[in-house]
Every structure is written in C-alpha cells, then in structure tokens.
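Heads up, the thing below is written out as structure tokens.
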Amino acid sequence: MQAVLLVLLLVATVYCQSAPLVEVDFYVMSKCPYASQYVEQFDQSVMKSTGLSSIIHLTVNYIAKVDPSEPSGFYSLHGQTEVWGDINELCADKVNGFDNYVWWNFLTCMYKDYSSVPNNAATCASQTGINYNSINQCVQSDLGKQLLRASINVTDSLGWNPRPGSPTVYVNKQCIYGYPPCQALDPSTSSVKKFICNQYKGTKPSGCNDKVYVHCCLLYTSDAADEEDS
282 MQAVLLVLLL VATVYCQSAP LVEVDFYVMS KCPYASQYVE QFDQSVMKST
332 GLSSIIHLTV NYIAKVDPSE PSGFYSLHGQ TEVWGDINEL CADKVNGFDN
382 YVWWNFLTCM YKDYSSVPNN AATCASQTGI NYNSINQCVQ SDLGKQLLRA
432 SINVTDSLGW NPRPGSPTVY VNKQCIYGYP PCQALDPSTS SVKKFICNQY
482 KGTKPSGCND KVYVHCCLLY TSDAADEEDS
C-alpha cells in the first residue's frame, strides 16, 4: 500500500512540475500612458500575488514601424524617444538572460515614469540590479535594432489591421484586453488573475485565492497605433 501511495505521489509531482506555463503576451508602446497604467495594475493584481509569477511565461513586444526616413530607422507614435525606450527594454531583457521577473521589475520601473523614457533606463537598471553598461552597449549596437525589428515582426504577425492599440494583452493566445473582439478584462479587479489561474493546469498557487487591492481603476482604453494615419 505504501508503495502504491509513493508511486501516486511521484506521478502527481511530475504532473505538477510538467504543467505548461501560462503564456502572457503584452503588445505595447514604451511611452504609452495607457500601457503604463495597465502594467502597474497587472503588477499589483497578478505579479505580486503569491506564486503567480511562477506559472507565467511573460513576453512583451512593441507596436512600431520600420521607417528608413526616421533617424533611428523606426517610427513610433510617441516619437523617437519611444523607439529608444522600446530598444532599452528589449536590451534589458536580452542582457538579463530573459529572466522574466528581474526584467519585469525593470519594465515596471520604466513605466512608472513613462514620460522620462528612455532617460530613466540607467536609474531603473540600478534599482533592479541589471548592469546598465551592458544594456547601453546593446542599445548602441546593431543588436538593439535587430531586437526591435524582430519584436515588430511578432506584433505584425497577429494580423491586426490597423495594428493593435497599446496595450493589447493575450493569455494563451486569447486576447483579454484591447480592441474588439478582445475581451476587456480589467487588471484593477480579480478578472485577469482568475483567467490566468484558470488557464494553468497544475496545482494552483495560493495567490490565485488572494484578494486584489489595486490603487486605481482602469480609466483608459489604449493608444491607437495608426492615429497618425487618421
């Protein structure tokens, strides 16, 4: 009997460990006030809930255009400083070995003062323990632009026409926030966290049952990526 129980325990352990992570994909602009608010609320309601970060694989891609007529070679709605903000954030992820959660802290720091992007990159790197010199080397090299070009390609592969607004958020390839036909799950409530927890097939972390306390409510929708074309 003990042997049977041991086998069942081992099977359960392997199952829990092998449960796939929930894919959470953000599509944003680095100087977008609406993305700033969404990131802050997602951080409070999801990432700071006990154990939630351990069941999530998080990616962020950017809404911009390749445009050789621009000084950087890219166009973004909030100007060239936003292009360099995008590149700084992508380089921070690359330099940090794609460790989601140290990098996420860097990203949330940048968004808290989005109007200062990219000039707040060094301060945010210092606060989150990422080597800013390594970020800056990436930004100033061809690698930074290669990362942004690849990120734009991922965003464009969604097939939105016009391009998605900022922020647009997918969970396991289901759009939970953005223009219709996306859902409108508000991160200032428990709806986003519940959706993520329901998508996870392993043992739910205790944070799935935590109450959500967010300092503000979601007042905005998103920045229109093609506003300049209207």
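Residue numbers for the sequence shown follow my numbering, so the first one is 282 and each next one is one higher.
Yeah, the Cβ is synthetic: ideal placement off N, Cα and C, and Gly gets one too.
Subject >> Boundaries (first-last residue) of the alpha helix (DSSP H) holding I416 >> reply: Its alpha helix (DSSP H) spans residues Y413 to Q421.
**OP:** Could you tell me whether the stretch 348-362 touches the stretch 410-419, where touching means 3 or more Cβ pairs closer than 8 Å?
**Re:** Short answer: they don't touch.
Subject >> Nearest-angstrom Cα separation, counted from T436 out to N442 >> reply: N442 and T436 have their C-alpha atoms some 11 Å from each other.
Original post:
Taking all protein chains shown into account, do 16 or more other C-beta atoms lie within 10 angstroms of the C-beta of A300, making it buried, or fewer, making it exposed?
Top reply: Counting Cβ neighbours within 10 Å, A300 comes out exposed, since fewer than 16 surround it.
Original post:
If you draw a straight line from the C-alpha of L302 to the C-alpha of S396, how long is it?
Top reply: Cα to Cα, L302 sits roughly 33 Å from S396.
**OP:** Decide if the stretch 454-462 is in contact with the stretch 326-338; the criterion is three or more beta carbon pairs, one per stretch, under 8 Å apart.
**Re:** These segments do not touch.
Original post:
Contact check, M391 vs C405 under 8 Å by CB: the rounded distance?
Top reply: Their Cβ separation, rounded to whole angstroms, is 5 Å, which keeps M391 and C405 in contact under 8 Å.
Subject >> Closest by C-alpha distance to Q418, when choosing among V383, A403 and S317 >> reply: Restricting attention to V383, A403 and S317, the CA atom closest to the CA of Q418 is found in A403.
Original post:
What are the boundary residues of the alpha helix (DSSP H) that I368 is part of?
Top reply: Going by DSSP, I368 is part of the alpha helix (DSSP H) stretching over Q361 to V376.
Original post:
DSSP state of V450, grouped into three classes?
Top reply: Strand at V450.
Original post:
Grouping DSSP H, G and I as helix and E and B as strand, with all else coil, what is C456?
Top reply: Residue state for C456 is assigned as strand, using DSSP reduced to three classes.
**OP:** For the beta strand (DSSP E) holding Y308, just list the boundary residues, first then last.
**Re:** Run containing Y308: V303 to V309, per the beta strand (DSSP E) assignment.
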